[in-house]
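Peer 1: So for the sequence shown, the numbering used here puts the first residue at 386; every next one is plus one. Structure below; questions to follow.
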Amino acid sequence: LRWLDPKDRPTRWAVLSERGDLPLFGGKKVEVPVLDILEQRYLLWGRCTKGSRNGWTEFTSAETGAFFMPLGNLAPGDYAQFRVREYLREYADGNVAVAEERLVGLCKQKAPQAGGASAPSAEETPSTQGKPEGG
């Protein structure tokens, strides 16, 4: 869901979905042509501080302070990533750019082992395994 509430104009919103049967709450369906779809991951700021409780994990960093994310099964020092889908579009000037981006899940990323040279690996959590349900 993308929501725009400008002060001098009516509120506008959009639901990004790959499902054609999604109810749109009285809005109109608009097909947006895309050139390609990219699967991306973005590392969240901060690290897990105390482990997970009741499906929520506290992260903290000097830049953001403490914040909670709905993600379980993390150990202190672990990281988390957003999984997103980026929709590329070609514009009138011939350039291709990301026209829309949709959050499709969260996953944990283990902290690197001490002395290890390899990059940490991302692990899916039960709430984000498999393909998302379109919304």
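From the three backbone atoms N, C-alpha and C, an ideal C-beta is built for every residue, glycine too.
#1: Count the C-beta pairs between the segment 438 to 449 and the segment 393 to 403 that are closer than 8 Å, then say yes if the count reaches three, no if not.
#2: If you run the structure through DSSP and keep just helix, strand and coil, what is alanine 451?
#3: According to the neighbour-count rule (16 or more other Cβ atoms, all chains shown, within 10 Å of its Cβ), is aspartate 463 buried or exposed?
#4: Arginine 438: which of Ala460, Phe410, Ala447 sits nearest, CA to CA?
#5: Taking the alpha carbon of lysine 493 as the reference point, which residue from Glu403, Gln466, Leu420 has its own alpha carbon closest?
#6: Does the ligand MG have even one heavy atom less than 8 Å from the beta-carbon of alanine 496?
#7: In or out: glycine 431 buried (at least 16 other Cβ within 10 Å) or exposed?
#8: Identify every residue that forms a DSSP beta bridge with tryptophan 542.
#9: So what does DSSP say about arginine 426, is it helix, strand or coil?
#10: If you draw a straight line from the C-alpha of glutamate 475 to the C-alpha of leucine 420, how long is it?
#11: DSSP three-state call for alanine 460: helix, strand or coil?
#12: So, at 6 Å on beta carbons, what are the nonlocal neighbours of leucine 386 in its own chain, with the 5 sequence-adjacent residues on each side left out?
Peer 2: Taking the definition as stated:
#1: no
#2: Here residue 451 refers to the residue found at position 66 of the sequence shown. Strand at alanine 451.
#3: Your numbering for residue 463 matches position 78 in the sequence shown. Per the 10 Å Cβ criterion, buried.
#4: Position 53 of the sequence shown holds residue 438. Here the closest residue by C-alpha is Ala460.
#5: Working through the sequence shown from its first residue, we reach residue 493 at position 108. The option with the nearest alpha carbon to lysine 493 is Gln466.
#6: Summarising the ligand content, the structure contains no ligands, and the ligand MG is consequently not present.
#7: On the sequence shown, residue 431 is found 46 positions in, with the first residue counted as 1. Here glycine 431 is buried. Its C-beta has 16 or more other C-beta atoms within 10 Å.
#8: No information on residue 542 is available, as it lies outside the stretch 386 to 520 that the chain covers here.
#9: The residue labelled residue 426 in the question sits at position 41 within the sequence shown. Residue state, collapsed to three classes: strand.
#10: On the sequence shown, position 90 is the one that residue 475 refers to. On the sequence shown, position 35 is the one that residue 420 refers to. Distance between the alpha carbons of glutamate 475 and leucine 420: 7 Å.
#11: Within the sequence shown, numbered from 1, the residue matching residue 460 stands at position 75. Coil, per DSSP.
#12: By one-based count along the sequence shown, residue 386 stands at place 1. Answer for leucine 386: Val400, listed in chain order.
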